[in-house]
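Numbering (this note's numbering), first residue to last: 1295 to 1701.
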């Protein structure tokens, strides 16, 4: 695997850290600005919304320049946003900094996925994508716990200053290691939008929303579930989230490896097992050891779906994959927001802290049903020799594909 993937992984590490570390620092931020914890929670919501809307916006703006330059600009935006957060004299400016940083998130992973896939041979594309996403998963194992510890010990502003420095390292890495891949000729915004007419692209995005939504239905409420149901102490939640992060790392790497060999079977197994494990979580949550093992499994099975789903979007939007790839990253955040809302509804209805696990199981099962439907439609189209809407016909040379071996 080329060293350029290391630069992308460093950027992903910084982005993953800044996205999740705020959850552990909300009390400190709320106290400094004199706002309530629910109000401080807008720093999480604002970031998620920024990712959803920023992914297509920044990708569209980036159609006029080379991907390497766009990645550098995105990391620069990320640095500015985190510096603004670190130095913000008011809560409003802190929220602005979070939104500015979030604008880089979706486009970085979307464009980065295309670049990572183009850096390697076709049969290594999912593996390359998974290596870039390893930076995001490792952030949950290392970056978030350390960032929380630093923020609680030295102040949350120091944490965001360090994250900004990570962004500078990522920017320099992209500048030094990513080859200067020219903007493909003949690619226009209408080509990118046309790829969204492909039913398979839309189904893959729907699978992303539902599948990863299943994960966050449970994980969003992991703290009250583990303290009130499993009986863990409050301080144990951080280490339980580290287990979740370790599962994410392993699942991401396994998903990338086997998606290159058998993509749809990998999705069937991971989504089916995820639905089953989430359903069992309603029982295992009552036992400390079983709960800890289940948390790691949820992380592993959830992130095992990421490389195959991202690769499936790239494969079916290969005539113009950049916007579709970025929108799929936004789909992850849409799934997070949707599942957190649904999980909150069942808890508010008095069904208990384990009820969100059933929500997650249903969402994952629905994603599995869409995977079966997607494969069935693909077999039908192949049998009649009709390409899916938005897919270039056989023999068409797409201007979006770039040969990198010469760089």
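All residues carry an ideal CB built from backbone N, CA and C; glycine is no exception. If you're wondering where the values come from, they're calculated on a predicted model, not measured in any experiment.
When the Cα of residue i is compared with those of the options, which residue comes out closest?
i, options, result
"residue 1625", "1520, 1502 and 1390", "1502"
"residue 1704", "1443, 1442 and 1449", "No information on residue 1704 is available, as it lies outside the stretch 1295 to 1701 that the chain covers here."
"residue 1325", "1384, 1315 and 1339", "1384"
"residue 1598", "1610, 1666 and 1563", "1563"
"residue 1441", "1333, 1510 and 1313", "1313"
"residue 1518", "1650, 1346 and 1303", "1650"
"residue 1445", "1318, 1308 and 1530", "1318"
"residue 1269", "1433, 1510, 1389 and 1668", "Coverage of the chain is limited to positions 1295 through 1701, which leaves residue 1269 absent and any answer about it impossible."
"residue 1364", "1461, 1546, 1406 and 1410", "1406"
"residue 1469", "1371, 1416, 1367 and 1595", "1367"
"residue 1664", "1474, 1341 and 1566", "1566"
"residue 1403", "1558, 1386, 1559 and 1362", "1362"
"residue 1520", "1505, 1581 and 1561", "1581"
"residue 1352", "1370, 1335 and 1544", "1370"
"residue 1305", "1439, 1471 and 1387", "1471"
"residue 1549", "1459, 1426 and 1382", "1426"
"residue 1511", "1569, 1431 and 1524", "1569"
"residue 1539", "1660, 1311 and 1628", "1311"
"residue 1333", "1343, 1297, 1350 and 1386", "1386"
"residue 1559", "1374, 1670 and 1372", "1670"
"residue 1421", "1475, 1527, 1657 and 1555", "1555"
"residue 1433", "1635, 1316, 1378 and 1473", "1316"
"residue 1340", "1354, 1532, 1302 and 1388", "1388"
"residue 1344", "1375, 1321 and 1320", "1375"
"residue 1390", "1516, 1337 and 1437", "1337"
"residue 1627", "1586, 1342 and 1296", "1342"
"residue 1436", "1542, 1587 and 1662", "1542"
"residue 1322", "1424, 1296 and 1443", "1443"
Which first and last residues belong to the alpha helix (DSSP H) in which residue i is found?
i, result
"residue 1522", "That residue, residue 1522, is in no alpha helix (DSSP H); it is neither H nor E in DSSP."
"residue 1512", "1493-1513"
"residue 1359", "No alpha helix (DSSP H) holds residue 1359; DSSP gives it neither H nor E."
"residue 1585", "1582-1597"
"residue 1425", "1419-1432"
"residue 1413", "From DSSP, residue 1413 is part of no alpha helix (DSSP H); its letter is neither H nor E."
"residue 1552", "1531-1553"
"residue 1562", "1557-1578"
"residue 1648", "Residue 1648 -> no alpha helix (DSSP H), and no H or E assigned at all."
"residue 1443", "1438-1448"
"residue 1528", "Per DSSP, residue 1528 belongs to no alpha helix (DSSP H) and is neither H nor E."
"residue 1601", "1600-1610"
Drop a sphere of 10 angstroms on the beta-carbon of residue i, count the other beta-carbons inside from all chains shown, and report buried for 16 or more, exposed for fewer.
i, result
"residue 1414", "buried"
"residue 1583", "exposed"
"residue 1631", "buried"
"residue 1399", "buried"
"residue 1419", "buried"
"residue 1676", "exposed"
"residue 1522", "exposed"
"residue 1577", "exposed"
"residue 1571", "buried"
"residue 1514", "buried"
"residue 1619", "buried"
"residue 1356", "buried"
"residue 1640", "buried"
"residue 1359", "exposed"
"residue 1605", "buried"
"residue 1299", "buried"
"residue 1411", "buried"
"residue 1688", "A caution first: residue 1688 carries a pLDDT of 37, below 50, which makes its placement in the model too unreliable to give a value."
"residue 1678", "exposed"
"residue 1431", "buried"
"residue 1635", "exposed"
"residue 1525", "exposed"
"residue 1392", "buried"
"residue 1533", "exposed"
Given 7 angstroms as the limit, tell me if residue i has its C-beta closer than that to any heavy atom belonging to the ligand MG.
i, result
"residue 1588", "In the structure shown, the ligand MG is absent, as is every other ligand, since no ligand is present at all."
Examine chain B for any beta-carbon lying closer than 8 angstroms to the beta-carbon of residue i, and answer yes or no.
i, result
"residue 1360", "No chain B is present in this structure, which holds just one protein chain."
Scan the stretch 1315-1359 and note each continuous alpha helix (DSSP H) run of 4 residues or more that stays entirely inside, going in chain order. 1331-1334 and 1336-1355
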